[in-house]
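I have placed the structure first, in the form of structure tokens, so that the comments after it can refer back to it.
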Amino acid sequence: MDIKKNLQSFYDAEAKKYASTRKKHRTDADIVLEEIKKCGKKTISILEFGCGSGRLLEHLKTLKGIKIKYTGVDISNELLKIAKKENSDQHKRSNATSLSCTFVNDDIANYVKTLKQESFDFIIGIASFQHVSTRKERISLMKNFYRLLSYEGKLIMTNRALSLRFLQKHKIQILRSLLEYLISLGKRSTRDIMVPRSSQTNSKSSVLGAHHSPLKIFRFYHMFGLAELKKLADMSGFAIEKLTYLNQDGKEILSRAQASNSFLVAKKDVFTIS
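In this text, residue positions in the sequence shown follow the numbering used here: the first is 33, and each later residue adds one.
Structural data, given as structure tokens:
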């Protein structure tokens with residue numbers, strides 16, 4: 033299976049539905065905004081990878097007195113069409129001094145290689161790094177993120193946590209992942225899980241065309257633990273400022289079992305060497 037093509041096909045097909053279900057206030061975005069406010073700059077540049085339909089922009093628009101240059105990258109062109117439409121007049125609806133947006137339809141692993149070093153103050157990934165399917169690519173991305181950040185710049189990421197709720201909901205997929213790990217003699221990770229989601233857009237119909245049953249589509253997730261995120265950040269040269277779990281309300285908690293997401297803030301420090 034080509035995991036990237038699978039993700040692209042899913043999000044292209046489900047773009048309208050996906051975007052409509054993500055109009056609610058995102059609780060983990062609040063903690064991201066707090067990190068941005070801490071920098072104290074009046075002009076900042078942001079790269080968001082896996083930006084989707086531009087949901088984070090609705091939160092960025094609430095930042096007062098800041099000039100923001102935003103670049104959003106996503107593998108789904110259909111989601112980006114929605115992002116462009118929703119934010120075509122963002123400067124008129126923003127509390128920020130100005131908010132300029134650029135959207136790029138590309139695989140982030142390819143796109144980062146085309147950029148000059150120290151191009152951004154913040155690199156943000158909201159529930160997107162979890163879709164990177166190989167350790168080699170994760171390491172490459174982290175090192176490129178470090179290269180692209182200005183000094184004192186920050187990488188901010190949230191990723192889905194392997195919580196008790198997730199374990200209960202997807203126990204069949206988790207057992208399958210464990211089986212693949214054993215069959216591969218440890219070459220496959222037990223944290224690589226294909227998570228199912230029903231797709232009405234790609235539904236199967238009966239012969240008469242009267243009945244439509246949702247088709248299950250599987251998306252790749254790598255379920256990060258805090259130790260793995262720490263190791264990736266350390267080996268890429270970052271200084272970790274915050275590494276914790278978040279609950280459904282976006283509040284920091286210690287328990288992975290009760291968490292919705294992991295949360296990482298890593299800084300390109302003048303005293304760290306990549």
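All C-beta atoms in this analysis are idealised placements derived from N, C-alpha and C, irrespective of residue type, glycine included.
Predicted model only: the values in this text are computed from it and were never measured.
| query | result |
| --- | --- |
| Ala314 versus Ser41, Leu261 and Ser52, residue with shortest Cα-Cα distance | Missing from the structure shown is residue 314; the chain here goes from 33 to 306 and no further. |
| Ser52 - containing alpha helix (DSSP H), residue span | Ala47 to Ser52 |
| Boundaries (first-last residue) of the alpha helix (DSSP H) holding Leu173 | Arg167 to Leu180 |
| Beta-carbon proximity of Ile155 to Leu79, cut-off 8 Å | yes |
| Ile78, enclosing alpha helix (DSSP H) - first and last residue | First-last for Ile78: Thr75 to Phe81, but that is the beta strand (DSSP E), not the alpha helix (DSSP H). |
| Segment contact flag, the segment 163–173 with the segment 133–148, C-beta cutoff 8 Å, min 3 pairs | yes |
| Beta-carbon proximity of Thr146 to Ser294, cut-off 8 Å | no |
| Expected contact under 8 Å - CB spacing of Arg192 and Met255 to nearest Å | 7 Å |
| Asp60, enclosing alpha helix (DSSP H) - first and last residue | Thr59 to Lys70 |
| C-alpha distance - Lys248 paired with Ser160, whole-angstrom precision | 21 Å |
| Close beta carbons around Gly257, own chain, < 8 Å, minus the five adjacent residues each side | Leu194, Arg223, Arg288 and Ser294 |
| is_contact[His254, chain D] using C-beta, thresh 8 Å | Protein chains in the displayed structure number just one, and chain D is not present. |
| Ile156 - partner residues in DSSP beta bridges | Glu80 and Ile188 |
| Length of the line joining the Cα atoms of Val105 and Leu207 | 33 Å |
| Ile215 burial status per 10 Å Cβ neighbour count (16 or more: buried) | exposed |
| Minimum length 3: unbroken beta strand (DSSP E) runs contained in the segment 87–116 | 99–106 |
| Ala298 in three-state terms, based on DSSP | strand |
| Three-state secondary structure (DSSP) of Leu275 | strand |
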